[in-house]
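In what follows, a structure is listed as structure tokens, so that the remarks can point back to it.
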Amino acid sequence: MEKLRNLIGKEVEEAFEKNGYERKYGKVTLSNRPDLCEYQCNGAMAAAREYKCAPFMISDKIAESLRENPMFESAESVKPGFLNLKLDTEYLAGYLRGMAADTERLGCETCRDPKTIMIDYGGPNVAKPLHVGHLRSAIIGESIKRIGRFMGHTMIGDVHLGDWGLQMGLIITELKERKPELVYFKEDYTGEYPKEAPFTISELEEIYPTASAKSKEDEAFKEAAMQATYELQHGRQGYEALLSHILNVSVSDLKRNYENLNVSFELWKGESDAQPYIPDMVQKMKDDGYAYISEGALVVDVKEDSDTKEIPPCMILKSDGASLYNTTDLATIVWRMQDYHPDEIIYVVDKRQELYFTQVFRCAKKTGLVEPETGLKFLGFGTMNGKDGKPFKTREGGVMRLEYLVNEINEEMYKKISDNHTVQEEEGRRTARIVALSAIKYGDLSNQAAKDYIFDVERFTSFEGNTGPYILYTIVRIKSILKKYQAEKTLPESAQILAAHSDSEKALMLEISKFNSMMESAFMDTAPHKVCAYIYDLANAFNHFYHETKILAEPDETVQAGYICLLWLTKRALEICIDVLGFEAPDKM
RNA sequence: GCACCCAUAGUUUAACGGAUAAAACACCAGAUUCCGGUUCUGGGGCUGGGGGUUCGAUUCCCUCUGGGUGUACCA
Numbered sequence: 010m011e012k013l014r015n016l017i018g019k020e021v022e023e024a025f026e027k028n029g030y031e032r033k034y035g036k037v038t039l040s041n042r043p044d045l046c047e048y049q050c051n052g053a054m055a056a057a058r059e060y061k062c063a064p065f066m067i068s069d070k071i072a073e074s075l076r077e078n079p080m081f082e083s084a085e086s087v088k089p090g091f092l093n094l095k096l097d098t099e100y101l102a103g104y105l106r107g108m109a110a111d112t113e114r115l116g117c118e119t120c121r122d123p124k125t126i127m128i129d130y131g132g133p134n135v136a137k138p139l140h141v142g143h144l145r146s147a148i149i150g151e152s153i154k155r156i157g158r159f160m161g162h163t164m165i166g167d168v169h170l171g172d173w174g175l176q177m178g179l180i181i182t183e184l185k186e187r188k189p190e191l192v193y194f195k196e197d198y199t200g201e202y203p204k205e206a207p208f209t210i211s212e213l214e215e216i217y218p219t220a221s222a223k224s225k226e227d228e229a230f231k232e233a234a235m236q237a238t239y240e241l242q243h244g245r246q247g248y249e250a251l252l253s254h255i256l257n258v259s260v261s262d263l264k265r266n267y268e269n270l271n272v273s274f275e276l277w278k279g280e281s282d283a284q285p286y287i288p289d290m291v292q293k294m295k296d297d298g299y300a301y302i303s304e305g306a307l308v309v310d311v312k313e314d315s316d317t318k319e320i321p322p323c324m325i326l327k328s329d330g331a332s333l334y335n336t337t338d339l340a341t342i343v344w345r346m347q348d349y350h351p352d353e354i355i356y357v358v359d360k361r362q363e364l365y366f367t368q369v370f371r372c373a374k375k376t377g378l379v380e381p382e383t384g385l386k387f388l389g390f391g392t393m394n395g396k397d398g399k400p401f402k403t404r405e406g407g408v409m410r411l412e413y414l415v416n417e418i419n420e421e422m423y424k425k426i427s428d429n430h431t432v433q434e435e436e437g438r439r440t441a442r443i444v445a446l447s448a449i450k451y452g453d454l455s456n457q458a459a460k461d462y463i464f465d466v467e468r469f470t471s472f473e474g475n476t477g478p479y480i481l482y483t484i485v486r487i488k489s490i491l492k493k494y495q496a497e498k499t500l501p502e503s504a505q506i507l508a509a510h511s512d513s514e515k516a517l518m519l520e521i522s523k524f525n526s527m528m529e530s531a532f533m534d535t536a537p538h539k540v541c542a543y544i545y546d547l548a549n550a551f552n553h554f555y556h557e558t559k560i561l562a563e564p565d566e567t568v569q570a571g572y573i574c575l576l577w578l579t580k581r582a583l584e585i586c587i588d589v590l591g592f593e594a595p596d597k598m
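The first sequence begins at 10 in my numbering and counts up one residue at a time.
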């Protein structure tokens with residue numbers, strides 16, 4: 010369906026044309042004075058200069074010609090030259106009927122030219138538990154992926170594991186000290202390696218920090234770890250076998266954790282998967298004359314004349330010949346282009362990495378790893394802070410494990426729910442998990458991604474205010490009304506949304522009608538917070554309507570059926586939205 | 001040093017260059033209640049300072065102040 014604003018715009022543009030003004034002045038926007046009108050056009054003020062007359066004269070004429078138009082209940086020209094429009098209730102109802110007819114998408118058209126978009130988010134390290142720093146990437150990335158998918162694009166999420174580098178050497182070295190008898194450490198061993206990993210996830214999670222701490226104090230240990238890293242990267246069989254054990258154990262644990270967050274990835278690729286592509290890539294950069302030696306390191310210049318700031322060259326190889334973060338990311342682009350040929354790659358990463366990615370993107374473009382039109386987008390997010398405005402920490406000041414944080418909020422939610430009314434333990438726990446997830450995700454996504462935000466458990470888990478639980482509560486309320494209605498009667502075939510009977514009903518209908526344009530701009534701006542703002546307004550509009558309207562007690566069956574249709578549409582819009590945000594509503598709460 | 005980002009009500013956040021800057025929480029008042037705790041209604045209060053562009057600026061430009069971040073061999 011065409012967006013409502015454009016439909017209105019078309020009428021207004023024609024009115025401008027009919028009166029001898031250019032169409033371009035007829036652009037219509039949502040009203041920012043809802044007390045005066047629903048939509049407005051400010052074109053008369055802009056046009057006044059070109060036609061050398063008072064803006065009011067123009068808006069007056071336009072209002073006059075629009076008054077005949079059945080689309081509008083009223084068209085008024087105000088003070089300097091505003092054109093204030095109110096939609097005809099029957100026209101609005103017709104638009105909503107069109108939405109309701111498309112139960113899957115509510116009339117929100119998919120994109121005309123669907124793209125293949127890879128989205129790089131998550132970024133956990135193997136052998137290390139997820140901590141709160143991983144939360145934002147997962148939540149925001151997942152939501153953007155879902156919004157893109159809803160808009161008809163092929164979205165491929167890649168977790169991009171941190172599974173390369175010194176951390177692996179550290180684990181191997183520590184393991185060697187503890188269990189030197191393992192076959193993985195026998196250099197002349199040629200047989201099969203055991204299928205079973207020689208450690209569990211909890212051992213693994215303990216080994217890494219121990220090894221990391223040791224390497225800072227024990228020079229010899231660090232040497233050994235670096236040596237192990239080198240040998241691993243140069244194909245030592247036993248170490249490769251260990252790496253794959255580490256990966257398996259770690260990945261299955263990560264999957265479980267991400268599942269709890271309702272986050273999933275199409276690809277579980279890691280930094281190690283990019284390594285095979287490095288030699289050819291580096292060679293080509295040298296051959297093509299892009300890469301040169303500077304201060305011992307191999308670099309590619311990426312500065313541009315228009316730069317206001319100094320952009321250092323993109324380093325490809327360190328002076329000791331080893332690869333680094335940039336190298337891996339560039340080589341990752343190589344296989345992504347080769348295997349998936351995406352039109353765009355979006356990186357959902359901490360905003361502090363912006364400069365790095367500027368270098369990487371420019372380097373990729375310059376050296377032809379991607380095509381000139383391939384989009385490389387950096388979506389940096391801010392820090393999640395505690396109530397004191399400083400980065401979120403445990404009470405002891407350490408890094409908070411994501412699992413603990415989630416458990417804490419689940420517990421908090423369960424308390425709230427069981428305080429409200431008596432519930433079965435098991436069902437209450439399940440509901441608490443669903444609601445808690447909405448609290449966490451909505452709390453994050455309702456802020457602009459690029460900004461830092463304050464993670465306030467109390468506020469996020471509240472059933473009132475702009476929170477996830479409030480949205481869910483609204484959905485649950487609608488579900489319950491629909492259920493009660495169905496228990497008594499069946500909705501007649503002829504039932505349909507009717508012209509609004511009250512202001513609050515019309516306000517609700519207007520809110521619903523913004524669905525398609527909201528979703529489109531949320532995608533264009535990669536801005537999940539727009540979806541949040543929309544459902545919050547929508548939930549508010551519904552609750553106002555609900556307070557003023559007796560739905561189940563409505564005596565006129567046709568009117569009542571109309572209400573039910575409207576409720577269904579409201580619920581559907583809310584549900585689609587929370588789905589793209591990455592959470593769901595329970596049946597009861 | 002240089003550069004980038006941010007600055008909005010007591011607090012946390014909104015606002016394609018448009019009218020009286022919006023909401024939530026907190027606060028105050030009134031109503032409501034087996035409850036000082038629930039719910040409803042109403043209220044006060046905000047664009048860091050100074051310039052500029054514009055008919056019109058929270059939004060664009062310059063400058064100052066304050067905060068955050070980054071500045072090639074970590075990721």
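Glycine residues also receive a C-beta, built at the ideal position from the N, C-alpha and C atoms.
Note that this is a predicted model, so its numbers are computed, not measured.
By Cβ distance below 6 angstroms, which residues in the same chain neighbour residue i in space, the five residues on each side in sequence not counted?
| i | result |
| --- | --- |
| L175 | T238 |
| L307 | A300, I325 and L326 |
| C586 | V540 and I544 |
| A516 | A550 |
| L94 | C46, Y48, F81 and A84 |
| T341 | A283 |
| V357 | Y130, S146, I149, G150 and L388 |
Considering Cα atoms alone, identify which of the options is closest to residue i.
| i | options | result |
| --- | --- | --- |
| I71 | E85, A63 and M80 | E85 |
| G591 | T219, K61, Y413 and I156 | I156 |
| F75 | Y60, V87, F25 and M54 | Looking at the sequence provided, one finds Leu at residue 75 rather than Phe. It is F25 whose Cα lies nearest to the Cα of L75. |
| L252 | I165, G452, D316 and D282 | D282 |
| L561 | L213, R58 and K493 | K493 |
| K601 | A570, L575 and I484 | Examination of residue 601 is not possible in this model, given that the chain is present from 10 through 598 alone. |
| E566 | K498, T558, A509 and L39 | K498 |
| A504 | Y572, R468 and E563 | Y572 |
| G384 | C117, R371 and G391 | R371 |
| F274 | V260, I287, L333 and P285 | V260 |
| G391 | S513, L263, A458 and G298 | A458 |
Using a threshold of 8 angstroms, state whether the C-beta atoms of residue i and residue j are closer than that.
| i | j | result |
| --- | --- | --- |
| T7 | I521 | For residue 7 there is no data in the structure shown, the boundaries of the chain being 10 and 598. |
| K124 | H162 | yes |
| P400 | I149 | no |
| Y34 | G52 | yes |
| G389 | K425 | no |
| V309 | T376 | yes |
| G279 | W173 | yes |
| L500 | V568 | no |
| F81 | Q49 | no |
| L105 | A582 | no |
| D69 | D129 | no |
| P89 | M54 | yes |
| F532 | M127 | no |
| A206 | H243 | no |
| R410 | Y423 | no |
| I180 | I210 | no |
Tell me, please, which residues DSSP counts as bridged to residue i.
| i | result |
| --- | --- |
| C50 | V37 and L92 |
| I302 | L307 |
| M393 | Y462 |
| V358 | G389 |
| D129 | D167 and Y356 |
| A84 | L94 |
| R410 | H140 |
| L276 | D167 |
| G384 | E353 |
| N28 | According to DSSP, which records beta bridges pairwise, N28 is partnered with nothing at all. |
Return the chain-ordered list of same chain residues with a C-beta closer than 7 angstroms to the C-beta of residue i, the five sequence neighbours on each side being excluded.
| i | result |
| --- | --- |
| F472 | P478, Y479 and Y482 |
| N419 | A441, R442 and A445 |
| L256 | V135 and D172 |
| V466 | I418 and E421 |
| E593 | I443 and I587 |
Which residues in the same chain have their Cβ closer than 8 angstroms to the Cβ of residue i, if we skip the five residues on either side of it in sequence?
| i | result |
| --- | --- |
| S455 | N475, H538, C541, A542 and Y545 |
| K195 | G247 |
Counting only runs of 3+ residues fully inside the stretch 313-342, write out the beta strand (DSSP E) ranges in chain order.
Runs found: 323-326.
Unbroken alpha helix (DSSP H) runs of length 4 or more, entirely within the stretch 490-563: which are they?
Counting only runs of 4 or more, we get 512-522, 524-533 and 537-557.
Whole runs of the alpha helix (DSSP H) within the stretch 209-274, excluding any shorter than 4 residues
DSSP assignment within the stretch 209-274 yields the following whole alpha helix (DSSP H) runs of 4 residues or more, N-terminal first: 210-226, 228-242 and 246-269.
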